[in-house]
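**Q** One structure, as C-alpha cells, below. Some questions next.
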Amino acid sequence: MLGFLFFLVYETSDSIDPYIRFIKIKTMKFLTIVSLAVLPMFGMAQSISPEVIASAGEHFDNGTTQLSWTLGEVVIDTYDNGTNILTQGFHQTQLTVTSVEETLADIRLNMYPNPTSEFLNIELGNNESDIELQLFDMSGKLVHSDKIEAYQTKYVIPMNKVATGNYLVQMQSIDGKMNTTHKVMKVGVNQ
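For what it's worth, the working numbering labels the leading residue of the sequence shown as -14, then goes sequentially.
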C-alpha cells in the first residue's frame, strides 16, 4: 500500500495542470497520514485469555480468597515447545507468587559433645534476642524446654535425665531471626 502511495507522488510531472498537481499532492499527504495512522493496527499483538469448555463451573471471590471449579471437561492434554506451554483441560487459575525476604540472624552456634551421655553444651555468639530452646524425642514428645537469655553465650542441657536415643534440639529466637533444629544422640554410659 505504501509503495502505491509513493508511486502516485512521483508520478506527477510538469505536463499536469498545476491545480490537479496540487490536488494530487494534498490527496497523497492525506492518504499517507491515514496509512501511517492505520498501519499500526495491523501490527498489534494478539493475546489469548484462558478459557475452558465444561458442562458446569463457577468462580467465587470474596476479596481475600478465590475458588474456581469446573465439571465435565472433555479434553485433557499438555503441549510444550520449550518456550510456551499449552494445557488443555482442568481449569487453571493464574497463580501469583509473592516472596518475603527473611533476614536471619548471623548467630554462631556450637553444640558438643554429640553423641553425649550426660550434658550437651551449647555455645552461642551474636545472640541479641532471647531464644526458646526445646528438646524433643523422635516421637515428638517435648522432653526439655527452657529460655536462653539475650547475650548469654553458654547453655547446658542435662541429657543424663533422658533415655538413650535420638533427640531434636529446636532453637527459635523471640524476634524470629533464628529458627534452627539439630539432631543429637544420647548414648548410654559403660559401667
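From the three backbone atoms N, C-alpha and C, an ideal C-beta is built for every residue, glycine too.
Report the option in 18, 120 and 139 whose CA atom is closest to the CA atom of residue 130.
**A** On the sequence shown, residue 130 is found 145 positions in, with the first residue counted as 1. The shortest C-alpha separation from residue 130 is found at 120.
**Q** How far does the beta strand (DSSP E) with residue 161 in it reach, from first residue to last?
**A** Counting from 1 along the sequence shown, the entry for residue 161 is found at position 176. First-last for residue 161: undefined, no H or E at that position.
**Q** Let me know if residue 144 comes out buried or exposed under the rule of 16 or more other beta-carbons within 10 Å of its beta-carbon.
**A** Looking up residue 144 in the sequence shown gives position 159. With 16 or more Cβ atoms within 10 Å of its Cβ, residue 144 is classed as buried.
**Q** Do you know how far the Cα of residue 137 is from the Cα of residue 128?
**A** Counting from 1 along the sequence shown, the entry for residue 128 is found at position 143. Counting from 1 along the sequence shown, the entry for residue 137 is found at position 152. Looking at the two C-alpha atoms, the distance is approximately 22 Å.
**Q** Considering only DSSP beta bridges, list what residue 94 is partnered with.
**A** Residue 94 sits at position 109 when you count from the first residue of the sequence shown. Per DSSP, 109.
**Q** Report, in whole angstroms, the separation of the C-beta atoms of residue 106 and residue 170, which I expect to be a contact under 8 Å.
**A** Taking the sequence shown and counting its residues from 1, one reaches residue 106 at position 121. Taking the sequence shown and counting its residues from 1, one reaches residue 170 at position 185. With a Cβ gap of about 15 Å, residue 106 and residue 170 do not count as contacting.
**Q** Under the rule that 16 or more other beta-carbon atoms within 10 Å means buried, what is residue 161, buried or exposed?
**A** As a first step, residue 161 must be located in the sequence shown, where it is residue number 176. Exposed is the call here.
**Q** Below 6 Å CB to CB, which residues in the same chain sit around residue 63 once its five sequence neighbours on both sides are set aside?
**A** The count along the sequence shown starts at 1 and reaches residue 63 at position 78. The residues are 72.
**Q** Measuring only the C-alpha atoms, how far is residue 118 from residue 108?
**A** Residue numbering aside, residue 118 sits at position 133 when the sequence shown is read from its first letter. Residue numbering aside, residue 108 sits at position 123 when the sequence shown is read from its first letter. Straight-line Cα distance between these residues: approximately 13 Å.
**Q** For residue 154, count neighbouring Cβ atoms within 10 angstroms of its own Cβ and tell me buried if that reaches 16, exposed if not.
**A** What you label residue 154 is simply residue 169 of the sequence shown in a count that begins at 1. Residue 154 comes out buried.
**Q** Within the continuous beta strand (DSSP E) that includes residue 38, where are the two ends?
**A** Sequence index remark: in the sequence shown, residue 38 carries index 53 (1-based). It is not in any beta strand (DSSP E) - residue 38 carries neither H nor E in the DSSP assignment.
**Q** Take residue 5 and list the residues in its own chain whose beta-carbon comes closer than 8 Å to its own, dropping the five residues that flank it on each side.
**A** As a first step, residue 5 is located in the sequence shown; it is residue number 20 there, counting from the start. Nothing meets the Cβ criterion.
**Q** In its own chain, which residues sit with a C-beta less than 8 Å from the C-beta of residue 102, not counting the 5 before and 5 after it?
**A** Counting from one through the sequence shown, the residue named residue 102 turns up at place 117. 144, 145, 171, 172, 173 and 174, listed in sequence order.
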